[in-house]
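Quick notes on the structure that follows.
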Amino acid sequence: MISWPLLGHLPALARDPFAFLVSLGECGDLVRVDVGTLPVYVLTSPELIHQVLVTDARDYTKGRLFDRVRVLLGSGLVTADRETHHRQRRLIQPAFHRARLPGYAEVMRRRAQALVDSWRPGQVVAVDKAMHELSLATVTETMFSTEPTDAAIAEIHRSLPVISRNTAIRALTPKALDRLPIPAHRRFDTAAKRLRAVLDQIIGHYHDHHIDNGDLLSLLLATPMSDVQVRDELVTILTAGTETSAAALSWAFHHLGRHPEIAERVHAEVTGTDDLAKLTYTDRVLTEAMRLHSVPLVMRRALVPVRPGGRDLPAGTELVISPYALHRDPRWYPDPERFDPDRPRTAAFLPFGAGSRKCIGDTFARTEMMIVLATVLRRLHLEPVPGHRVREVFAGVPHPQSLPMIVQAR
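This is the structure:
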């Protein structure tokens, strides 16, 4: 790999970030990459990743990427430093307790059924947009049992996609460029400002009317968190909860459309039971979709001198983990580009992270995705649009740039 003066490996990263990250597995378990003049070390083996995220987790904090996101979006669970994260996670955990899932699942089923009822055989639907709107509506309803105004919901729907799909790019942009009149940056800043404002209004409404309906926002407001902290957590839940589920569902339908024999197996399974725990093959389909389209970048910064893989690195060193690349590494997944739900499970699977910073909403997200897949595939089959090429977009969560599909009745 050529590291250019001042630019380092940025040209290769910018040209094809997915291919660049995947190629690093051929260079060893710990690979130095120069991001401009900043050296970072990429971990490519499950053992080293486990060492950093789990075994020696106390020796690390969030890295540069999250420093930038924190300034842009606040200190929610995803971006918070170690001390803040432990405190906030303890306060938020009750909202994601398994005992609350049945109530959330009812919202998920009702929303998914309404979507299926709105589709007609032969109709071409934008699956990526439909999944994003469905996930956002589901998260919003579980967060706010008292329905916000139409204007508030419209603002969330307008602002959130701009934020979700530009956060990674904005965070990787040098801070020196923040004040330049770059249109994409201005759109991001405007969307973030509007989203914070509408959430402040909703929080104020709960206070003014003494609302406590046991919904997610009520639970957060009952903790010692300040209103600003509550708002930051709402931003985190909205962005992470919506984009992850929407992208995974979109990719699952895409792959099922390309593999009708797999779709038939899923259809047979979901028509035989309503019990999610018994939908083992459907779960494997979802797992395989998440394997192929995972988060591209996770960063950590060493708080003390560390020695991953026997290499001495000083405090302050930035380390990178790419679940996307890990999941496409032929060392852990033979023929990694092939969509194969029957693959054996391996330790090299990190769709929701690992250790103390593992996604707090992973069970919520998987429940939602399983319900949506089962609800849609019981009645419908989604076919690819002939001649349409689906392109994967590099973002915080990789998503299809455009995914039109044809609705067919069962």
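If you use full-length UniProt numbering, the sequence shown closes out at 410, no skipped numbers anywhere.
Cβ coordinates follow ideal geometry from the N, Cα and C atoms, glycine included.
When beta bridges are read from the DSSP output, residue 408 appears opposite 381. Residue 61: member of the beta strand (DSSP E) spanning 60-62, first to last residue. According to DSSP, residue 321 shares a beta bridge with 43 and 298.
Residue environment analysis places residue 301 among the buried positions, since at least 16 neighbouring C-beta atoms fall within 10 angstroms of its C-beta. In the structure shown, the three-state DSSP call for residue 198 is helix. For residue 256, the uninterrupted alpha helix (DSSP H) run begins and ends at 227-258, by DSSP. In this chain, residue 162 is not harboured by any beta strand (DSSP E); it is covered by the alpha helix (DSSP H) spanning 150-164. Less than 8 angstroms divides the Cβ of residue 239 from the Cβ of residue 163. Residue pairing by DSSP places residue 119 in no beta bridge whatsoever. Residue 268 carries a helical assignment under DSSP once its states are collapsed to helix, strand and coil.
For residue 191, the CB contacts under 8 angstroms within the same chain, skipping 5 residues up- and downstream, are 158, 159, 160, 162 and 163 in chain order. Going by C-alpha positions, residue 36 is about 5 angstroms away from residue 8. DSSP places residue 337 in the coil class of the three-state scheme, outside both helix and strand. For residue 125, the enclosing beta strand (DSSP E) stretches over residues 124-126.
Excluding residues up to 5 positions away in sequence, 248, 251, 252 and 255 lie with their Cβ nearer than 7 angstroms to the Cβ of residue 289 in the same chain.
Around residue 30, the same chain offers 41, 43, 48, 308, 309 and 311 as residues with beta carbons nearer than 7 angstroms, after the five sequence neighbours per side are excluded. Per DSSP, residue 13 is not a residue of any beta strand (DSSP E); the alpha helix (DSSP H) it occupies stretches across 10-15. In this structure, the alpha-carbon of residue 267 lies about 36 angstroms from that of residue 356. Taking 8 angstroms as the cut-off, the Cβ atoms of residue 215 and residue 145 count as close.
CA-to-CA, the gap between residue 341 and residue 285 works out to about 5 angstroms. Out of 387, 32 and 371, the CA that lies nearest to the CA of residue 3 is found in 32. In the structure shown, the three-state DSSP call for residue 399 is strand.
When 264, 135 and 53 are compared, the shortest CA-CA separation from residue 245 is found for 135. The three-state secondary structure of residue 78, taken from DSSP, is coil. Residues of the same chain with a CB within less than 7 angstroms of the CB of residue 60, apart from the 5 flanking positions on each side, are 52, 300, 301, 302 and 303 in chain order. Under the DSSP assignment, residue 34 falls in the beta strand (DSSP E) whose first and last residues are 30-35. Taking the CA atoms as reference points, residue 17 sits about 34 angstroms from residue 265. Judged by their CB atoms, residue 139 and residue 237 are nearer to each other than the 8 angstroms cut-off.
Residue 54: not part of any alpha helix (DSSP H); DSSP gives it neither H nor E.
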